[in-house]
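A short worksheet on the structure shown next.
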Amino acid sequence: MATVIRLRDWPEGLYLNSDKENPAIGKPRGEVLIGGPMVSQGYFIPDPDNLNENDKELVKKNQEEYLQADGYRWFCSGDIGQITENGTLQIVDRKKDLWKGPQGEYVALSKVESAGKLSPYVDMCMCYGQVGQAFVVLLVVGNEKCIKALGKELGLGEDYEKIISEPPVLKAVQDSVVEYCKKSKLVNFEIPQRLRIVNALWTPENDMLTAALKMKRVVIQRAHQDLIDDMYNNGKGK
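Numbering of the sequence shown is given in this note's numbering, commencing with residue 1 and proceeding in unit increments.
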């Protein structure tokens, strides 16, 4: 039995097979598809003619995660890979709303975000997990009124652009987010270990959100890559 792997372009995430011709990248990149006779027919549907809500969700997953092309049945893994110079496959990112930790644990990013948004200091947030790292982090669009009040309470003033990077403010917001994550029954590896407050709104006009107001994760990530790097390279609350 032969197993075949191919990379499928993911234009929304800017991962393309044509990246091989880009001198700055030099490798083909895209979503990893796994093909061959060992690929299943999809999730089992007990009674296709009488679908309950769970069955309907499985039908949707089958349509999204499996396809037939070029004589093979393919499983769309949701992993983003690149082919290295020696021909090996390297996983570099994740397309789906999941992050896999170093011990094989999975974090549903939207679950973390739902808990984080319960904090009065948070208007919007995006959870992010970097491949190869041990924890997830959080980018926060702050509630300006509440954060200004926090800054005043801490004796730091009410200059929003200034106080959002102050360690005491970050610690207070972090503590609040952790509190609501625990109230939402998140386990330790699901709780963001660090966060940063962005000095910008996320809107459809600046291309951070879709017209349906859903986050464009890759666009947001790349717009705030400096903050993400800072969270992974520096200590909590610094």
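Virtual Cβ for every residue (Gly too), placed ideally from N, Cα, C.
{"query": "Extent of the continuous alpha helix (DSSP H) to which K183 belongs", "result": "P167 to K183"}
{"query": "Strand pairing of V92, partner residues [DSSP]", "result": "In the DSSP output, where bridge partners are listed per residue, V92 has none listed."}
{"query": "Straight-line gap, D19 to D49 (C-alpha atoms, nearest Å)", "result": "44 Å"}
{"query": "In DSSP terms, what C127 is bridged to", "result": "L138"}
{"query": "Counted within 10 angstroms of its Cβ, other Cβ atoms place F44 as buried (16 or more) or exposed", "result": "exposed"}
{"query": "Continuous beta strand (DSSP E) stretch holding Q31: start and end", "result": "In the sequence as presented, Gln is not what sits at residue 31; that position holds Glu. Start and end: R29 to G35."}
{"query": "Cα-Cα separation, G42 to D70", "result": "18 Å"}
{"query": "Bounding residues of the beta strand (DSSP E) (the contiguous stretch that carries K216)", "result": "Here K216 belongs to no beta strand (DSSP E), and DSSP marks it neither H nor E."}
{"query": "Cβ contact (3+ pairs, closer than 8 Å) linking the stretch 179-194 and the stretch 105-113", "result": "yes"}
{"query": "Burial state of E53, where buried means 16 or more other Cβ atoms lie within 10 Å", "result": "exposed"}
{"query": "Limits of the unbroken beta strand (DSSP E) element including G81", "result": "Y72 to I83"}
{"query": "DSSP-derived helix/strand/coil call for V187", "result": "coil"}
{"query": "Contact set for K95: own chain, Cβ-Cβ below 8 Å, skip 5 residues either direction", "result": "W10, G13, E31, G78, D79 and I80"}
{"query": "Own chain, CB closer than 6 Å to Y15, minus 5 neighbours either side, in chain order", "result": "R29, G30 and I80"}
{"query": "DSSP three-state assignment for A69, whether helix, strand or coil", "result": "strand"}
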